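Colleague:
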DNA sequence: AAAATATAGTACTTGTCAAGTACGATATCA
DNA sequence: TGATATCGTACTTGACAAGTACTATATTTT
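Residue numbers (my numbering), protein chains in the order written: chain F, 6 to 161; chain W, 6 to 161.
Here it is in structure tokens:
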């Protein structure tokens, strides 16, 4: 369901790995790739993009590598997805226009152009905005205990 | 962001159109295609799939067409998305296995295989399960008034 | 009965993009 | 100086989304 690209997957893996690391230790692309069994060269490209956008800081040269820039709690999954999937790739709405960093469609709720998919995508984007990187790397044991007994039974 | 296919879009459009119609009136593929400006032949394929799955009922012959089967409130967008996007198209988890109609990964919450994308996709699927067809075809004017003043400001 | 309309089934084409690879340049450390 | 690692860019290739086409079948209308 829902084709998130491998690039997005690798990006999340890399970020999660960096978020795991203590403090500001540097991790090389090769190190991350080896530990998670992903093609090195592709992960390099992904990290380049993450660096270009400012989500990670790169240090060149021997003993170089990457380091997370912000706090895991501040980085939303939506940022990563948007980076790799591109901001928009859907049937064009006649009335939509692009703004600085987001798609503005001020009539999104009343859009008469019969594009239900607009609303769905908006819904998904909203959902992803609420998921932070921290939630992806939180120690699984603790998460499990908390989640299993609470209201998240819909996660079956 | 997030490549939902056109097919899904057309499927939602068709379902929304049928949900709009009064009672159990039949709508032909051509009628729907004309009104929403989508390629006829493609919409036909989409409707065929919707019929094969049982979301709509088809009536052949002259004056034939399609009719919604269930109640719009009972049809979740996730059903439609799953139908057209396929159930899974993501990096394979070593431990996941397929069941009758869903992917079972009982260790999804504790999966150590560093696949954050699993959680994200699960999150999206959950989100889509909560959106019904009824919400996509609700009279826009009313929705707007209600939504604008309430808690949905995150829909910016 | 025949013509018209509409779905059923299936198979095909084509352009785009995800996925992965490659390589020379640059920067840093030992 | 050599080893390591990122940077930038460009290329290949296989898969699939998007759309088309055609034949068969069913129902209504004339």
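For every residue, glycine included, the Cβ atom is placed at its ideal position computed from N, Cα and C.
Bear in mind the structure is a predicted one, so any value in this text is a computation, not a measurement.
Looking at the structure shown, is residue 46 of chain W part of a helix, part of a strand, or coil, going by DSSP?
Modeller: Position 41 of the second chain, counted from the start, is the residue given in the question as residue 46 of chain W. If DSSP states are grouped into helix, strand and coil, residue 46 of chain W belongs with the helices.
Colleague: Counting only beta-carbon atoms, is residue 121 of chain F nearer than 9 Å to chain W?
Modeller: On the first chain, residue 121 of chain F is found 116 positions in, with the first residue counted as 1. So yes, residue 121 of chain F belongs to the interface.
Colleague: Flag residue 170 of chain F as yes if its beta-carbon sits less than 9 Å from any beta-carbon of chain W, otherwise no.
Modeller: A question about residue 170 of chain F goes unanswered here, because the residues of chain F that appear run from 6 up to 161.
Colleague: Looking at the unbroken alpha helix (DSSP H) that takes in residue 64 of chain F, where does it start and where does it end?
Modeller: Stepping through the first chain from its first residue, residue 64 of chain F is reached at position 59. Per DSSP, residue 64 of chain F is not a residue of any alpha helix (DSSP H); the beta strand (DSSP E) it occupies stretches across 61 to 64.
Colleague: Using DSSP with H/G/I as helix, E/B as strand and the rest coil, what is residue 13 of chain F?
Modeller: Position 8 of the first chain holds residue 13 of chain F. The answer is helix: DSSP assigns residue 13 of chain F an H, G or I state.
Colleague: From which residue to which residue does the beta strand (DSSP E) around residue 72 of chain W run?
Modeller: Locating residue 72 of chain W in the second chain gives position 67, counting from the first residue. Taken as a continuous stretch (DSSP letters only), the beta strand (DSSP E) holding residue 72 of chain W covers 70 to 73.
Colleague: Counting pairs of Cβ atoms below 8 Å between the segment 12 to 22 of chain W and the segment 46 to 58 of chain F, do you hit three or more?
Modeller: no
Colleague: Please list the terminal residues of the continuous alpha helix (DSSP H) segment that includes residue 194 of chain W.
Modeller: This structure cannot settle anything about residue 194 of chain W, because the visible part of chain W is limited to 6 through 161.
Colleague: Suppose you measure from the CA of residue 128 of chain F to the CA of residue 132 of chain W; what does that come to, to the nearest Å?
Modeller: The count along the first chain starts at 1 and reaches residue 128 of chain F at position 123. The count along the second chain starts at 1 and reaches residue 132 of chain W at position 127. Using only the alpha carbons, I get a separation of about 8 Å.
Colleague: Expressed to the nearest angstrom, what Euclidean distance is found between the alpha-carbon atoms of residue 39 of chain W and residue 75 of chain W?
Modeller: Residue mapping note: residue 39 of chain W aligns to position 34 of the second chain, counting from 1. Residue mapping note: residue 75 of chain W aligns to position 70 of the second chain, counting from 1. So the alpha carbons of these two residues sit roughly 24 Å apart.
Colleague: I think residue 137 of chain F touches residue 86 of chain F, with their Cβ atoms under 8 Å apart; what is that distance to the nearest whole Å?
Modeller: Here residue 137 of chain F is taken as the residue at index 132 of the first chain, counted from 1. Here residue 86 of chain F is taken as the residue at index 81 of the first chain, counted from 1. Actually they do not touch by this definition, with Cβ atoms about 13 Å apart.
Colleague: Counting only beta-carbon atoms, is residue 9 of chain F nearer than 9 Å to chain W?
Modeller: Here residue 9 of chain F refers to the residue found at position 4 when the first chain is read from its first residue. Yes, residue 9 of chain F counts as interfacial toward chain W.
Colleague: Using the beta-carbon count (16 or more within 10 Å), is residue 34 of chain W buried or exposed?
Modeller: As a position in the second chain, residue 34 of chain W is number 29, starting the count at 1. Burial call: buried.
Colleague: Mind checking residue 59 of chain W: buried by the 16 CB within 10 Å criterion, or exposed?
Modeller: One-based indexing of the second chain puts residue 59 of chain W at position 54. Residue burial annotation: residue 59 of chain W is exposed, with fewer than 16 other C-beta atoms found within 10 angstroms of its C-beta.
Colleague: In whole angstroms, what separates the C-alpha of residue 140 of chain F from that of residue 32 of chain W?
Modeller: Against the first chain, residue 140 of chain F aligns to sequence position 135. Against the second chain, residue 32 of chain W aligns to sequence position 27. Rounded to the nearest angstrom, the two C-alpha atoms are 46 Å apart.
Colleague: Can you name, in chain order, every residue of its own chain whose Cβ lies under 8 Å from the Cβ of residue 9 of chain W, other than the five neighbours on each side?
Modeller: Taking the second chain and counting its residues from 1, the one referred to as residue 9 of chain W is at position 4. Counting only residues of its own chain and dropping the five nearest sequence neighbours on each side, residue 9 of chain W has a CB closer than 8 Å to the CB of 86, 90.
Colleague: Would you mind telling me which residues of chain F sit closer than 7 Å to residue 132 of chain W, beta carbon to beta carbon, in chain order?
Modeller: By 1-based counting over the second chain, the position of residue 132 of chain W is 127. Simply 128, 129, 132.
Colleague: Residues of chain F with CB under 8 Å from residue 141 of chain W, in chain order?
Modeller: In the second chain, counting from the first residue as 1, residue 141 of chain W sits at position 136. Result: 121, 124, 125.
Colleague: Below 8 Å on the Cβ atoms is my contact criterion, and I expect residue 126 of chain F with residue 7 of chain W to pass it. Report the Cβ-Cβ distance as a whole number of Å.
Modeller: Within the first chain, residue 126 of chain F is the residue found at index 121, counting from 1. Within the second chain, residue 7 of chain W is the residue found at index 2, counting from 1. About 6 Å; that satisfies the 8 Å criterion.
Colleague: Pull out every residue of the segment 39 to 59 of chain W whose Cβ sits closer than 7 Å to any Cβ of chain F, in chain order.
Modeller: 41
Colleague: By the 7 Å beta-carbon criterion, what residues does the segment 68 to 86 of chain F contribute toward chain W?
Modeller: Answer in chain order: 82, 86.
Colleague: Within this structure, are the beta carbons of residue 61 of chain W and residue 73 of chain W separated by less than 9 Å?
Modeller: Against the second chain, residue 61 of chain W aligns to sequence position 56. Against the second chain, residue 73 of chain W aligns to sequence position 68. At a Cβ-Cβ threshold of 9 Å, residue 61 of chain W and residue 73 of chain W count as neighbours.
Colleague: Would you report the Cα separation of residue 142 of chain F and residue 44 of chain W, rounded to the nearest angstrom?
Modeller: Taking the first residue of the first chain as position 1, residue 142 of chain F is located at position 137. Taking the first residue of the second chain as position 1, residue 44 of chain W is located at position 39. Separation of residue 142 of chain F and residue 44 of chain W (C-alpha to C-alpha, rounded to the nearest whole angstrom) is 45 Å.
Colleague: On the criterion of 16 or more Cβ atoms from any shown chain inside 10 Å, does residue 68 of chain W qualify as buried, or is it exposed?
Modeller: For the purposes of this step, residue 68 of chain W is taken as the residue at position 63 of the second chain. Exposed, because fewer than 16 other Cβ atoms sit within 10 Å of the Cβ of residue 68 of chain W.
Colleague: Can you list the residues of chain F that residue 136 of chain W reaches, using a CB-CB cut of under 9 Å?
Modeller: Stepping through the second chain from its first residue, residue 136 of chain W is reached at position 131. Those are 124, 125, 128, listed as they occur along chain F.
Colleague: Let me know if residue 84 of chain F comes out buried or exposed under the rule of 16 or more other beta-carbons within 10 Å of its beta-carbon.
Modeller: On the first chain, residue 84 of chain F is found 79 positions in, with the first residue counted as 1. Residue environment for residue 84 of chain F: buried (at least 16 other C-beta atoms within 10 angstroms of its C-beta).
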